[in-house]
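The listed protein sequences derive, respectively, from chains A and B. Taking this note's numbering, the leading residue of the first sequence gets 1, the next gets one more, and so forth. Taking this note's numbering, the leading residue of the second sequence gets 1, the next gets one more, and so forth. Glycine included, each C-beta is placed from N, C-alpha and C at the ideal position. Notes follow once the structure below has been shown.
2 protein chains.
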Amino acid sequence: MSKKNAILLTATHLFAHKGLNNTSMAELSKITGAAGGTIFHHFKNKEDLFLNVINNVKETVTSAFKTYFLEHRFDNGLKMVEGAIMYYLNLAETMEDRFLLLHRHDPYKLAETNSTCRQYLEEIYDCLLDVFERGIKIGKDDGSIQIISTRNTALIIFSMIDGIVRFNTYKLYSAGALYDDLMASCRKILTR
Amino acid sequence: MSKKNAILLTATHLFAHKGLNNTSMAELSKITGAAGGTIFHHFKNKEDLFLNVINNVKETVTSAFKTYFLEHRFDNGLKMVEGAIMYYLNLAETMEDRFLLLHRHDPYKLAETNSTCRQYLEEIYDCLLDVFERGIKIGKDDGSIQIISTRNTALIIFSMIDGIVRFNTYKLYSAGALYDDLMASCRKILTR
DNA sequence: AAACCAACCGAATGATCGGTCGGGTTTTTT
DNA sequence: AAAAAACCCGACCGATCATTCGGTTGGTTT
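Written as structure tokens, this is what we have:
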């Protein structure tokens, strides 16, 4: 693997687990084996490196989501929303680093001053919410879902799942133990 | 107000809005008007100051919650859960600093190595969850709520609300616009 | 009035940080 | 194989950080 890629992956891991400010370039240099100057050769400064990490998160997360819903068919809209929840919980485990990073303040703080960062974040959430929203819309058409507000319900269900993932991350309680009740709750929200 | 109190309140605000590492003791000194040495006279180090801030958050949040539910009566369990949601959303606005801090990684990171911090956080979440759980239990007894798992449902509803508050904080979307649909969703989860 | 003490001050300190620079090495192009 | 380009190195720099320390003040106790 190229030094640049090693730096990017290690930075993703460290930024996710220790935060932007608690990760020093010296540590990054030590772990990757790249000299200090090498990092600044590939990324013009720390913020640029962070931005590249976020971009990488955006690419991997959205493409994983898009691919999954291109390759899978669902009996109806309700099943599709259920599939989205399952896949989101699944991704949060297999892409732990990336979801951890999205639960930190660092990206949102940078987004306040850096429009590129803001755009990356918006693309991620647009992509995720879009799947939920499409599922609900399809469900309303095929009769498996009965609610009024498509957008708001998508937001509510998404933040419910994301809230669970967050508490799971902090080990306040386990997402796995809630799985069945979580699914039941979502079905109740979506159906009469 | 005493210098010590000024330091504590300013630290709460800065830690909440800028994070632990982005808040320097020098800045704290400048804003409060207290000399550098004075801060370390009252708090033995930065971690100790942060711990005192978390303790203060614990005290104010839990006592606000406890007082509210001691002084209010509800027609039934379902109304009590609805009241808990309303009051939680309300507190997240009026105690913005404190809830912002609880949505940062800083407290949970310290909790990994500092058992006092862990205990404070547990007390906060125990207190909040307890209200939801009691409401659900009462609702099951009086018939306004029909579900199987009291604990899990309390956790699910709580993380739904907390997830909304978090997205509201990041200005990804507004909690106010979701209020009606949020309440409707909760009622659906809790009733047949 | 002497002794005491908590509150307070601010200059000084050593460690660490992000970032620079000049020079060496490898790879690609011509 | 010569030239150009891209990659890589690590010593070094100025800024900033948390923390220390010797000393002052004003009120309370003896």
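With distances taken between CB atoms, is the gap from K188(A) to K188(B) smaller than 8 Å? yes
So K109(A) is in the alpha helix (DSSP H); what residue range does that whole segment cover? 106–113
List the residues of chain A that G19(B) touches, going by C-beta distances under 9 Å, in chain order. G19, N21, H105, D106, K109
State buried or exposed for E112(A), treating a residue as buried only when at least 16 other CB atoms are found within 10 Å of its CB. Answer is exposed; the Cβ neighbour count stays below 16.
Please compile the residues from chain B whose C-beta is within a distance smaller than 9 Å of the C-beta of I164(A). L155, I156, S159, M160, G163
Have a look at L182(B) and T38(A) and give me their C-alpha separation to the nearest angstrom. 50 Å
Classify T116(B): buried if its beta carbon has 16 or more other beta carbons within 10 angstroms, exposed otherwise. exposed
DSSP three-state call for Y170(A): helix, strand or coil? coil
Going straight from the alpha carbon of N52(B) to that of R166(A), what length do you get? 25 Å
Looking only at C-alpha atoms, which of R104(A), R118(A), G143(A), F65(A) sits nearest to F132(A)? F65(A)
Below 8 Å between beta carbons: does that hold for R98(A) and T12(A)? Yes, Cβ-Cβ distance for R98(A) and T12(A) is below 8 Å.
Three-state secondary structure (DSSP) at A35(B)? Annotated three-state conformation of A35(B) is coil, per DSSP.
Candidates M1(B), K3(B), G176(B): closest to N90(B) by CA position: G176(B)
For T10(A), is the classification buried or exposed, using 16 other Cβ atoms within 10 angstroms of its Cβ as the cut-off for buried? The residue is buried, with at least 16 neighbouring Cβ atoms inside 10 Å.
Under 7 Å by beta carbon: chain A residues contacting I189(B): S185, K188, I189
Thinking C-beta only, is G135(B) closer than 8 Å to M80(B)? yes
Within chain B, partners of D181(A) - CB distance below 7 Å: Simply S149, N152, T153, I156.
When the Cα of S144(A) is compared with those of T191(A), K30(A), L155(A), which residue comes out closest? T191(A)
Assuming contact is defined by CB atoms lying nearer than 8 Å, are F105(B) and R104(A) in contact in what I supplied? Note on residue identity: the sequence assigns His, not Phe, to residue 105(B). Contact: yes.
How about G77(B) and K137(B): do their beta carbons lie closer than 8 Å? yes
With distances taken from CA atoms, which of I157(B), L178(B), M86(B) is nearest T150(A)? L178(B)
Using a Cβ-Cβ distance under 8 Å, would F15(A) count as near chain B? no
Give me the residue from A184(A), L172(A), Y125(A) with the minimum Cα distance to Q146(B). For the residues A184(A), L172(A), Y125(A), the minimum Cα distance to Q146(B) belongs to A184(A).
In angstroms with no decimal places, state the Cα-to-Cα distance between F50(A) and K58(A). 12 Å
Threshold first: 4 residues or longer. Then list the alpha helix (DSSP H) segments lying entirely within the region 43–71 of chain B, N to C. 46–71
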